[in-house]
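Engineer: Those protein sequence lines, which keep their order, are chains A and B.
Following UniProt numbering from start to finish, the first sequence increments by one per residue and tops out at 151.
Following UniProt numbering from start to finish, the second sequence increments by one per residue and tops out at 151.
Glycine residues also receive a C-beta, built at the ideal position from the N, C-alpha and C atoms.
As the structure is a prediction and not an experimental result, all values here were calculated from the model.
There are 2 protein chains.
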Amino acid sequence: MDEIDLKILKILQKDAKYSLEDLSTELKMPKSTVAYRIKRLESLNIIKGYYAQIDPTALNLDYIVISLIRGKYSKDYHIELGSKLANIPGVWGVYFVLGDTDFIVIARYRNREDFMKNYLERITSMPEVERSSTHVVVKIIKESPNMVIWW
Amino acid sequence: MDEIDLKILKILQKDAKYSLEDLSTELKMPKSTVAYRIKRLESLNIIKGYYAQIDPTALNLDYIVISLIRGKYSKDYHIELGSKLANIPGVWGVYFVLGDTDFIVIARYRNREDFMKNYLERITSMPEVERSSTHVVVKIIKESPNMVIWW
DNA sequence: TCTGAAATCAGAATGGT
DNA sequence: ACCATTCTGATTTCAGA
Numbered sequence: 001m002d003e004i005d006l007k008i009l010k011i012l013q014k015d016a017k018y019s020l021e022d023l024s025t026e027l028k029m030p031k032s033t034v035a036y037r038i039k040r041l042e043s044l045n046i047i048k049g050y051y052a053q054i055d056p057t058a059l060n061l062d063y064i065v066i067s068l069i070r071g072k073y074s075k076d077y078h079i080e081l082g083s084k085l086a087n088i089p090g091v092w093g094v095y096f097v098l099g100d101t102d103f104i105v106i107a108r109y110r111n112r113e114d115f116m117k118n119y120l121e122r123i124t125s126m127p128e129v130e131r132s133s134t135h136v137v138v139k140i141i142k143e144s145p146n147m148v149i150w151w
Numbered sequence: 001m002d003e004i005d006l007k008i009l010k011i012l013q014k015d016a017k018y019s020l021e022d023l024s025t026e027l028k029m030p031k032s033t034v035a036y037r038i039k040r041l042e043s044l045n046i047i048k049g050y051y052a053q054i055d056p057t058a059l060n061l062d063y064i065v066i067s068l069i070r071g072k073y074s075k076d077y078h079i080e081l082g083s084k085l086a087n088i089p090g091v092w093g094v095y096f097v098l099g100d101t102d103f104i105v106i107a108r109y110r111n112r113e114d115f116m117k118n119y120l121e122r123i124t125s126m127p128e129v130e131r132s133s134t135h136v137v138v139k140i141i142k143e144s145p146n147m148v149i150w151w
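#1: Quick one: which unbroken beta strand (DSSP E) runs of 3-plus residues sit fully inside the UniProt domain "HTH asnC-type" (1–62) of chain A? Chain order, please.
#2: Using only the heavy atoms of the ligand GTP, determine whether one of them is closer than 8 Å to the beta carbon of residue 114 (chain A).
#3: Using a C-beta to C-beta distance shorter than 7 Å, which residues of chain B count as neighbours of residue 129 (chain A)?
#4: Within its chain, find whatever has a CB closer than 8 Å to the CB of residue 149 (chain B); leave out the 5 residues flanking it on each side and keep chain order.
#5: When the Cα atoms are used, what is the spatial distance from residue 58 (chain B) to residue 47 (chain A)?
#6: Could you tell me which chain B residues have their CB closer than 8 Å to the CB of residue 124 (chain A), listed as they occur along the chain?
#7: Does DSSP put residue 68 (chain A) in a helix, a strand or coil?
#8: Residues in its own chain within less than 8 Å of residue 71 (chain B) by CB, not counting five upstream and five downstream?
#9: Would the segment 31–48 of chain A and the segment 135–149 of chain B be scored as touching if the rule is three or more Cβ pairs under 8 Å?
#10: Mind listing which residues of the segment 130–146 of chain A have their C-beta closer than 9 Å to chain B's C-betas, in chain order?
#11: Report the partner residues of residue 108 (chain A) according to the DSSP bridge assignment.
#12: Got a sec: which bits of the UniProt domain "HTH asnC-type" (1–62) of chain B sit with their beta carbon under 7 Å from any beta carbon on chain A, in order along the chain?
#13: Taking 8 Å as the limit between beta carbons, can you name the residues of its chain near residue 91 (chain A), skipping five residues before and five after?
#14: Can you tell me whether DSSP reads residue 83 (chain B) as helix, strand or coil?
#15: I'd like to check one pair, residue 27 (chain B) with residue 34 (chain B): are the Cβ atoms closer than 9 Å?
#16: Quick one: does residue 90 (chain B) have its CB under 9 Å from some CB of chain A?
#17: Is it true that the CB of residue 41 (chain B) sits closer than 9 Å to the CB of residue 31 (chain B)?
#18: Just the Cα atoms here: how many angstroms apart are residue 89 (chain A) and residue 146 (chain B)?
#19: Please say whether residue 63 (chain A) and residue 136 (chain A) have beta carbons closer to each other than 9 Å?
#20: Helix, strand or coil for residue 128 (chain A), going by three-state DSSP, please let me know.
#21: With a threshold of 8 Å on Cβ separation, who are the neighbours of residue 53 (chain A) within its own chain once the five nearest residues in sequence on each side are excluded?
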């Protein structure tokens, strides 16, 4: 991992379709070398894949929630509960955190019923959950998880 | 937007490099038709772009934080504060929410100093911020914001 | 590890239904 | 909106440095 790799990653995190041609002029090195480096980054799993970003609102995913969850302590409770939360349909983010809460969970649904059925009812019926407080997102001001390199 | 579009999106949200060839066999329709549909989804901004997924830990982005922020009320305070938060280097998610907190912010840094300098000092010196509580992420159990279609 | 050239293949363009 | 064919150009491969 050197400066050149970093430049490649910086470009590809913004645009996966950026061509070898353009990268090669940008980096002042032959296409084949760029290709070689990208392949390397892929095989090292630094580049984990390429995906299309779909607009959630286009699919009517307007009911977005973020929950703070406190668990009931027991052996391995955080591993058990963590995977249980991660497997709830609609949930895309589960973070185990320090502080007065244990897990922070982010999920997207199409409407209130969808949310109630898939999410709330499950969470509230999990014996490992001691307490949860859920925030409804009014507006997504920023959501760009792909922008890993910001410096 | 029909069932076929949804199938295309379901595949591309996981793998942007899935070829027209394979999509055409999968969907039992010619390449050119698939290409036509994808172009349509792009121009309608349902597909917002294609990104490389970079492993944050490969770049030593191990200091991940989630903050709950309460603002001081004033005219347009949430628009002002929202964009201020979104512009902090390292911040990739800003959500305006209902409940006892106003904003939820997610950010990634390489270490404690990086976090202190770029994030904490800024947040605590913003006059629009009344109160903030920041949780350090111990473990990312799930993070797949690109998986928009889960049903 | 890097490079140049050749070969292959995928995607864009076209024109017709 | 859909499809077959053609055409263009990007990516892969490979031999050599």
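Structural biologist: Once the coordinates are examined:
#1: 47–54
#2: Although the ligand GTP was asked about, the structure shown includes no ligands whatsoever.
#3: Working through the first sequence from its first residue, we reach residue 129 (chain A) at position 129. The contacting residues do not exist; residue 129 (chain A) stays about 15 Å from chain B at best.
#4: Here residue 149 (chain B) is taken as the residue at index 149 of the second sequence, counted from 1. Taken in chain order, the residues that qualify are 6, 9, 10 and 13.
#5: Working through the second sequence from its first residue, we reach residue 58 (chain B) at position 58. Working through the first sequence from its first residue, we reach residue 47 (chain A) at position 47. So the two alpha carbons sit approximately 9 Å from each other.
#6: For the purposes of this step, residue 124 (chain A) is taken as residue 124 along the first sequence, with counting starting at 1. Within 8 Å Cβ-Cβ: nothing; residue 124 (chain A) doesn't reach chain B, min ~17 Å.
#7: Numbered from 1 along the first sequence, position 68 holds the residue referred to as residue 68 (chain A). It is a strand residue.
#8: Against the second sequence, residue 71 (chain B) aligns to sequence position 71. Answer for residue 71 (chain B): 77, 78, 81, 102, 103, 128, 129 and 130, listed in chain order.
#9: no
#10: 133, 134, 135, 136, 137, 138, 139, 140, 141, 142, 143, 144, 145 and 146
#11: The residue labelled residue 108 (chain A) in the question sits at position 108 within the first sequence. Beta-bridge pairing links residue 108 (chain A) to A:64.
#12: 9, 12, 13, 14, 15, 16, 17, 45, 46, 47, 48, 49, 50, 51, 52, 53, 54, 55, 56, 58, 59 and 61
#13: Position 91 of the first sequence holds residue 91 (chain A). Result list for residue 91 (chain A): 85, 105, 106, 107 and 119, in chain order.
#14: For this step, residue 83 (chain B) is matched to residue 83 along the second sequence. If DSSP states are grouped into helix, strand and coil, residue 83 (chain B) belongs with the helices.
#15: Reading the second sequence from its first residue, position 34 is the one you call residue 34 (chain B). Reading the second sequence from its first residue, position 27 is the one you call residue 27 (chain B). In this structure, residue 27 (chain B) lies closer than 9 Å to residue 34 (chain B) by Cβ.
#16: Along the second sequence, one-based indexing puts residue 90 (chain B) at 90. Cβ-Cβ to chain A under 9 Å: yes for residue 90 (chain B).
#17: Here residue 31 (chain B) refers to the residue found at position 31 of the second sequence. Here residue 41 (chain B) refers to the residue found at position 41 of the second sequence. Taking 9 Å as the Cβ cut-off, residue 31 (chain B) and residue 41 (chain B) do not qualify as a contacting pair.
#18: Numbered from 1 along the first sequence, position 89 holds the residue referred to as residue 89 (chain A). Numbered from 1 along the second sequence, position 146 holds the residue referred to as residue 146 (chain B). Using only the alpha carbons, I get a separation of about 14 Å.
#19: Taking the first sequence and counting its residues from 1, the one referred to as residue 136 (chain A) is at position 136. Taking the first sequence and counting its residues from 1, the one referred to as residue 63 (chain A) is at position 63. Taking 9 Å as the Cβ cut-off, residue 136 (chain A) and residue 63 (chain A) qualify as a contacting pair.
#20: Along the first sequence, one-based indexing puts residue 128 (chain A) at 128. Coil.
#21: If you number the first sequence from 1, residue 53 (chain A) lands on position 53. Within the same chain, residue 53 (chain A) has close Cβ partners 146.
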